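Visitor: Mind looking over this structure? Questions follow.
Residue numbers (my numbering): 93 to 201.
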């Protein structure tokens with residue numbers, strides 16, 4: 093499991109985007125769990141979860157990739173925004189992976 097392209101949206105103010113890829117053996121159903129967080133440190137352990145998403149992974153599916161975004165809002169003034177990913181059942185590698193970016197600002201056009 094991996095997170096790529098994580099950062100501030102190029103078109104939406106106060107929004108982060110990421111692509112999450114999961115490789116499985118397809119033997120059973122599972123769930124991809126996304127936890128969006130904010131804080132004043134670079135790690136999720138000392139930060140606060142602000143939103144979660146669950147994405148079903150179907151039996152027989154061996155590869156999955158999706159793009160996800162989260163709007164934090166202009167009044168969220170914490171220094172760092174991030175995403176942690178995990179799966180149920182737990183992935184062999186990449187479970188608990190996270191990415192962090194400095195707070196995203198307004199898009200002015």
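A virtual CB, placed ideally from N, CA and C, is assigned to each residue, including glycine. Just so it is clear, the structure is predicted and the values come from calculations on it, not from any experiment.
I'd like to check one pair, residue 127 with residue 186: are the Cβ atoms closer than 7 Å?
Guide: Within the chain shown, the letter at position 94 stands for residue 186. Within the chain shown, the letter at position 35 stands for residue 127. No, the Cβ-Cβ distance between residue 186 and residue 127 is not below 7 Å.
Visitor: Is it the case that the Cβ atoms of residue 116 and residue 154 are separated by a distance below 7 Å?
Guide: In the chain shown, the residue the question calls residue 116 occupies position 24. In the chain shown, the residue the question calls residue 154 occupies position 62. Closer than 7 Å, so yes.
Visitor: Spatial neighbours of residue 143 within its chain, please: CB distance less than 7 Å, with the 5 preceding and 5 following residues excluded, ordered by chain position.
Guide: Walking along the chain shown from the start, residue 143 turns up at place 51. Within the same chain, residue 143 has close Cβ partners 128, 162.
Visitor: Can residue 146 and residue 123 be called in contact, C-beta distance under 7 Å?
Guide: Counting from 1 along the chain shown, the entry for residue 146 is found at position 54. Counting from 1 along the chain shown, the entry for residue 123 is found at position 31. Cβ distance < 7 Å, so residue 146 and residue 123 count as in contact.
Visitor: Within 10 angstroms of the Cβ of residue 179, are there 16 or more other Cβ atoms? Answer buried if so, exposed if not.
Guide: Position 87 of the chain shown, counted from the first residue, corresponds to residue 179. Buried.
Visitor: At which residue ranges does the stretch 175-199 contain complete beta strand (DSSP E) runs of 3 or more residues, listed in the order of the chain?
Guide: Qualifying beta strand (DSSP E) stretches, in chain order: 189-194.
Visitor: Going by Cα to Cα distance, which pick from 166, 184, 171, 189 is closest to residue 177?
Guide: Position 85 of the chain shown, counting from 1, holds the residue named residue 177. Residue 177 has its Cα closest to that of 189, out of 166, 184, 171, 189.
Visitor: Of all Cβ atoms in chain B, is any one closer than 7 Å to the Cβ of residue 99?
Guide: Given the protein chain composition of this structure (a single chain), no chain B is represented.
Visitor: Give me, in chain order, the residues of the same chain whose beta-carbon lies closer than 6 Å to that of residue 157; leave out the 5 immediate sequence neighbours on both sides.
Guide: Looking up residue 157 in the chain shown gives position 65. Answer for residue 157: 113, listed in chain order.
Visitor: Could you tell me which residues DSSP puts in a beta bridge with residue 153?
Guide: One-based indexing of the chain shown puts residue 153 at position 61. In the DSSP output, where bridge partners are listed per residue, residue 153 has none listed.
Visitor: What residues match up with residue 142 in a beta bridge as DSSP calls it?
Guide: Walking along the chain shown from the start, residue 142 turns up at place 50. Partner(s): none; residue 142 has no beta bridge.
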